[in-house]
Amino acid sequence: MTAAIASSARALGVEIRTNAAVDKVIVRGGRATGAALANGDELTARVVMSAADPKRSFLQFVDQQHFPDEFVQAIRDFRVRGSSGKVNIALSGLPDFTCLPGEGPLHRGAISISPSIEYVERAYDDAKYGNFSRQPYMDIIIPSMIDRDMAPPGHHVMSCFVQYAPYDVEGGWDDAKKEAFGETVISTIEKYAPNIRQVIVGKQVITPQDIERIAGITGGNIFHGELLLHQLFFMRPAPQWADFRTPLPGYYFGAAGAHPGGGVMGAAGRMAATEILKDWQ
Amino acid sequence: MTNPDILIVGAGHNGLVAAAYLAKAGKKVLVLEQRATAGGQLAGATLASGATVPGLHPAGQLRPAIVKELDLARHGLTTSAADAPYVSALPDGGLLRLVSSANDTATIEAIRRLSPRDAGRWPEFVGFMNRAAAFLDAAYSTNMPRLPRIELRADGLPLASLALQLRRMGGKDMFRVMRSLSMSAVELTEEWFESETLNAAIAGVAIHGVTLGSMSAGTGFTLIHNWLNRGGLAHRTSTGGPQGLTEALVKAVLANGGEIRTGAGVAQILVEHQRVLGVRLESGEEIKASTVVSEADPRRTLLGLVGAPELPPEFVWQTQSIRMRGSVAKLIVRTDGRHGLPDGTVAIAPTLRYLERAYDSTKYGEMSQDPYLEVTTLGADVMVHFQFATYALRNADWGSMRPELEKRALDTLALHFPAFKGSIQSVQSITPVDLEQIVGPDRRRPQSRPADPRPDFLHAAVAGLVESPHPDRRPVSLRFGPAWRWRHQWHPGSQRGAPVAEGLAFCGLGGATRCEAKRHAAAARWPPPRPTTDSSRAPPASG
Ligand SMILES: Cc1cc2nc3c(=O)[nH]c(=O)nc-3n(C[C@H](O)[C@H](O)[C@H](O)COP(=O)(O)OP(=O)(O)OC[C@H]3O[C@@H](n4cnc5c(N)ncnc54)[C@H](O)[C@@H]3O)c2cc1C
Ligand SMILES: Cc1cc2nc3c(=O)[nH]c(=O)nc-3n(C[C@H](O)[C@H](O)[C@H](O)COP(=O)(O)OP(=O)(O)OC[C@H]3O[C@@H](n4cnc5c(N)ncnc54)[C@H](O)[C@@H]3O)c2cc1C
Chain A
910 MTAAIASSAR ALGVEIRTNA AVDKVIVRGG RATGAALANG DELTARVVMS AADPKRSFLQ
970 FVDQQHFPDE FVQAIRDFRV RGSSGKVNIA LSGLPDFTCL PGEGPLHRGA ISISPSIEYV
1030 ERAYDDAKYG NFSRQPYMDI IIPSMIDRDM APPGHHVMSC FVQYAPYDVE GGWDDAKKEA
1090 FGETVISTIE KYAPNIRQVI VGKQVITPQD IERIAGITGG NIFHGELLLH QLFFMRPAPQ
1150 WADFRTPLPG YYFGAAGAHP GGGVMGAAGR MAATEILKDW Q
Chain B
227 MTNPDILIVG AGHNGLVAAA YLAKAGKKVL VLEQRATAGG QLAGATLASG ATVPGLHPAG
287 QLRPAIVKEL DLARHGLTTS AADAPYVSAL PDGGLLRLVS SANDTATIEA IRRLSPRDAG
347 RWPEFVGFMN RAAAFLDAAY STNMPRLPRI ELRADGLPLA SLALQLRRMG GKDMFRVMRS
407 LSMSAVELTE EWFESETLNA AIAGVAIHGV TLGSMSAGTG FTLIHNWLNR GGLAHRTSTG
467 GPQGLTEALV KAVLANGGEI RTGAGVAQIL VEHQRVLGVR LESGEEIKAS TVVSEADPRR
527 TLLGLVGAPE LPPEFVWQTQ SIRMRGSVAK LIVRTDGRHG LPDGTVAIAP TLRYLERAYD
587 STKYGEMSQD PYLEVTTLGA DVMVHFQFAT YALRNADWGS MRPELEKRAL DTLALHFPAF
647 KGSIQSVQSI TPVDLEQIVG PDRRRPQSRP ADPRPDFLHA AVAGLVESPH PDRRPVSLRF
707 GPAWRWRHQW HPGSQRGAPV AEGLAFCGLG GATRCEAKRH AAAARWPPPR PTTDSSRAPP
767 ASG
């Protein structure tokens, strides 16, 4: 999907520069006039749009003096508690689930570990007090069942989306904590697919802090900010600034932290582009 | 009374308010109350043990407009004391004493010791809460439309004026109010203050009376709701207490020519061809009337008194889905007066996590190990409000858990007030099951272990995200849950008559969710414009 969008953009004349981290948005005469990169390069442009998360976009890229206090406060109050982790597992064979033994349609579908409402609620309770879930809710897929190129023949990749793994886990995320989290995930799967340990050949544990580091999202919140009613629609990312404009002329905002929020939709990007064109006189 | 126009089932304060307004409008109103006394949850009670308790809660205030319009001052209702303190007992033995006023210097000084920044924000917070509560007050006296239909004059104008009121608050407050409603108490308080002690004290009020935790979405709304009902964080007790309120209302009903019969439990609301005919009492006596107003809770009214066979299946399902999770217990402790408790409303709500853990237990059918308590004193009497004591205990029943309830409450209090235990002379506890029996059990169910309805004293959980049932301004239909569903099914072109029962209206908390009962009186205004072929069945014309 990414390749297709990038290719479409290039075909229309867009240039994409990777390894080009933005340090600051350049402001001159009360307008955004370009971006200063971390490597010292400065680029000028008539319009700058941030597709990073709101905290970076408004508290890091731009000096606070360019925004009204109320706006800065609203962005500070914007909740970005990351709470999902990820465990990717490389397998030498398929997990055999006791509920549906043998290879079957479930291996091609979505596998949910959410046996009861109470189970899911208790998983959440742990996170409320700063711990990862002792018995986590999991959303598992085995993409190599669909895309055979992802693993050698007979081998598979199992992607486990895990809740809850709080960003600011009590005591912090160190190697031991990460290992314990991975182990919890595997022993949970083992209850449903007892052969899992025999087929594991490798695993990768990703915490919200890793998501923050890898994907550049403050708080490691996969939606660039929680999907809470009070920070959605005309209040995302801040009341009065949900139309992709920002208090800084020439500076636009069009990512998951904007209306209509996170998830792979492309809606924010599309609407932001439309609004930028409206202002283009 | 012969040939009453209107029967009201239940003499709780909402039933009495509706009765007074209707009687004032010249209707012949008869109130039927199953208990020996009027007042509903505001009245005292005799427990199964034979012990009597003076009242179930310390305070309660009617909306000022009701006090005025029913002239309750003339009927003996006194005004409440303002600026009562709200006191949070802290783990270190200290007390955080808050007066819900923007310029109480002692309060600001007390907060300053926790956080100078918070002390600076307190006046703004109090101002905001008062304005938010005022907006809620306006919303509570606005009739809600029967969506999806909106009648321009009847619904549109009141709603537009409400929206205008919100808009007039100015951008900042408007957004704050809108955001606060769906927030959790933790989110709301953390936007204002950094001191967890202060936030937890406030969050206690937010979760008071609801089966939600301080981290649950919607407790921002319940904070504003309780702030409105209390006039701040603390209860404001009036002389005579809730009992005085009931007495004034009873006098207002009688003075306007209404009649109240106690010991008159309604067993059935009589319905024929979706038209209300009257009621049958438990004694077997039948009383005819073209309008019946119920203030029993929605489930009991519809499934118990009307009966599922009379209702559209979809509607029965919606009624069954109304959340009524009771989780409050109560202790009334008689002491020798040397209990050592301060005046005002005392809360045991030391940290946000403490409150949240107290709530967690109720999700799994347990009683809080370390409960959230709210305590008020009346001389030597100490009234303890205990959350969370879930009605539906999972591995125990309230018959055997009573000693444990008392122990946990008293131990928790003693931790903060060392003199308390030594001062105790007697303890009476009210479990959620007792509460249900006091405020009216569903008598058609075995008493031993009723599964349903559960005693939610707000008659259906008040939470921002829970749909509350509400009455129509016309008594021809009751609406619970998303009305459009059954309207489409049962009301095509309005020709089929009422979906539930014509002539049945609703005035309890399940209908209003609060003490605003004025509009329920208006709800019974006749006639509903309705095509009818049988004129003898048509409701009487309005006076
Ligand atoms: C583990 C996980 C599982 C998910 N599951 C699903 C799912 O099943 N379904 C679904 O719909 N969504 C899912 N999501 C959410 C979805 O991926 C995101 O909401 C969405 O990709 C956000 O898109 P975006 O374009 O707004 O931002 P992003 O994709 O986060 O892009 C932001 C970009 O900005 C870059 N950036 C940040 N700072 C700078 C800087 N200073 N200079 C230059 N570049 C910078 C980042 O490197 C990044 O490339 C998941 C996310 C995660 C992490
Ligand atoms: C422990 C406790 C603490 C509370 N604390 C507060 C507080 O601090 N502040 C606050 O504002 N509110 C508080 N409340 C809630 C408040 O008391 C109630 O929400 C309110 O009193 C409900 O009033 P009502 O008139 O709608 O119904 P109720 O008072 O419940 O009255 C219903 C009446 O209907 C009668 N009835 C039921 N079925 C029948 C029948 N079949 N036939 C005849 N009669 C019938 C009942 O006997 C009862 O008298 C508290 C409640 C409790 C129990």
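Protein chains in written order, with the numbering used here: chain A, 910 to 1190; chain B, 227 to 769.
We put the beta carbon where it would ideally sit given N, CA and C, even for glycine.
Note that this is a predicted model, so its numbers are computed, not measured.
Residue i beta carbon near ligand 1 (any heavy atom closer than 7 Å)
| i | result |
| --- | --- |
| B/Val235 | no |
| B/Ser440 | no |
| A/Lys995 | yes |
| B/Ala251 | no |
| A/Phe1132 | yes |
| A/Phe1070 | yes |
| A/Arg965 | yes |
| A/Ile1095 | no |
| A/Val931 | yes |
| B/Val497 | no |
Residue i beta carbon near ligand 2 (any heavy atom closer than 7 Å)
| i | result |
| --- | --- |
| B/Arg261 | yes |
| B/Leu303 | no |
| B/Gln267 | yes |
| B/His642 | no |
| B/His565 | no |
| B/Arg487 | no |
Nonlocal neighbours in the same chain, by C-beta distance under 7 Å from residue i, ignoring five residues either side
| i | result |
| --- | --- |
| A/Leu1136 | Gly1170, Gly1171 |
CB contact below 8 Å: residue i versus chain A
| i | result |
| --- | --- |
| B/Arg620 | no |
| B/Met355 | no |
| B/Met441 | yes |
| B/Tyr590 | yes |
| B/Asp399 | no |
| B/Met409 | yes |
| B/Asn405 | Residue identity differs from the one stated: residue 405 of chain B is Arg in this sequence, not Asn. It does; some Cβ of chain A falls within 8 Å. |
| B/Arg394 | no |
| B/Met227 | no |
Neighbour flag for residue i against chain B, beta carbons, 8 Å
| i | result |
| --- | --- |
| A/Tyr1073 | no |
| A/Pro1156 | no |
| A/Glu1079 | no |
| A/Asp1034 | yes |
| A/Tyr1038 | yes |
| A/Leu1138 | yes |
| A/Gln1149 | yes |
| A/Asp986 | yes |
| A/Glu1027 | yes |
Local conformation of residue i per DSSP, three classes
| i | result |
| --- | --- |
| B/Ser326 | coil |
| A/Tyr1078 | First, the residue type needs correcting, since residue 1078 of chain A is Val and not Tyr in the sequence shown. A/Val1078 falls in the coil class under three-state DSSP. |
| A/Tyr1038 | coil |
| B/Trp710 | Confidence in B/Trp710 is poor, its pLDDT being 28 and thus under 50, which makes the residue's placement unreliable; the coordinate value appears in the next sentence. Helix, per DSSP. |
| B/Phe419 | coil |
| B/Arg642 | It should be noted that the sequence gives His, not Arg, for residue 642 of chain B. B/His642: helix per DSSP, three-state reduction. |
| A/His975 | helix |
| A/Thr1116 | coil |
| B/Met227 | coil |
Proximal residues to residue i (C-beta, below 6 Å), its chain only, five neighbours per side dropped
| i | result |
| --- | --- |
| B/Thr368 | Pro384, Leu388 |
| B/Ile428 | Thr415 |
Beta-carbon contacts of residue i that lie in its chain and below 8 Å, excluding the five residues immediately before and after
| i | result |
| --- | --- |
| B/Pro597 | Ile574, Ala584, Phe612, Gln613, Phe614, Ala615, Arg634, Ala635, Thr638 |
Using 8 Å as the Cβ pair cut-off and three pairs as the minimum, do the region 251-259 of chain B and the region 275-287 of chain B touch? no
At least three beta-carbon pairs within less than 8 Å, the region 1124-1142 of chain A to the region 980-997 of chain A: yes
Would the region 588-599 of chain B count as touching the region 321-334 of chain B if we require 3 or more Cβ pairs under 8 Å? Touching, no.
Please determine if the region 568-580 of chain B and the region 600-611 of chain B are in contact, where contact requires at least 3 C-beta pairs separated by less than 8 Å. yes
Could you tell me whether the region 1023-1032 of chain A touches the region 1089-1099 of chain A, using the rule of 3 or more Cβ pairs below 8 Å? no
Three CB pairs or more closer than 8 Å across the region 404-415 of chain B and the region 542-557 of chain B: no
How about the region 991-1003 of chain A and the region 1068-1077 of chain A: do they share at least three Cβ pairs that are nearer than 8 Å? With the cut-off at 8 Å, the region 991-1003 of chain A and the region 1068-1077 of chain A touch.
Contact between the region 264-272 of chain B and the region 290-301 of chain B: three or more CB pairs below 8 Å? no
Taking 8 Å as the threshold, find out whether the region 1108-1119 of chain A comes into contact with the region 953-968 of chain A through three or more Cβ pairs. no
How do the region 471-484 of chain B and the region 239-248 of chain B stand: do at least 3 beta-carbon pairs fall below 8 Å, yes or no? yes
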